[in-house]
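K.L.:
Residue numbers (the working numbering): 10 to 98.
Written as structure tokens, this is what we have:
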């Protein structure tokens, strides 16, 4: 992680913003040998909002007729394979 004084950051502001945006750099800013801020890229905002989740899940394709058979096959396999024991129990 790169560290700059506030004065250096002001003088190189455009370059600093380009490094953060294009290279994903994280830069700590210090004043008087003390970190006072951190500049880092923001994660892209999801186009899906929480209020839209119900509609999103409702519009997903449904499973075909084989899904019930598949679920039963999985249940049978799980019965045949012994459960793993946690060595810390």
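Where a beta carbon is used, it is the ideal one built from N, C-alpha and C, also for glycine.
Hey, how far is the Cα of residue 60 from the Cα of residue 67?
P.N.:
On the chain shown, residue 60 is found 51 positions in, with the first residue counted as 1. On the chain shown, residue 67 is found 58 positions in, with the first residue counted as 1. Near 13 Å, if we compare the C-alpha coordinates of residue 67 and residue 60.
K.L.:
Give me, in chain order, the residues of the same chain whose beta-carbon lies closer than 8 Å to that of residue 13; leave out the 5 immediate sequence neighbours on both sides.
P.N.:
By 1-based counting over the chain shown, the position of residue 13 is 4. Closer than 8 Å at Cβ, skipping near neighbours: 21, 25, 36, 37, 38, 39.
K.L.:
Cβ atoms of residue 50 and residue 71: under 9 Å apart, would you say?
P.N.:
Mapped onto the chain shown, residue 71 falls at position 62. Mapped onto the chain shown, residue 50 falls at position 41. No, these two residues do not count as a Cβ contact at 9 Å.
K.L.:
Excluding the 5 residues flanking residue 48 on each side, which residues of the same chain have their C-beta closer than 6 Å to its C-beta?
P.N.:
Here residue 48 refers to the residue found at position 39 of the chain shown. Within the same chain, residue 48 has close Cβ partners 29, 36.
K.L.:
Between which two residues does the beta strand (DSSP E) containing residue 46 stretch?
P.N.:
The count along the chain shown starts at 1 and reaches residue 46 at position 37. 43-48 is the span of the beta strand (DSSP E), which, as asked, contains residue 46.
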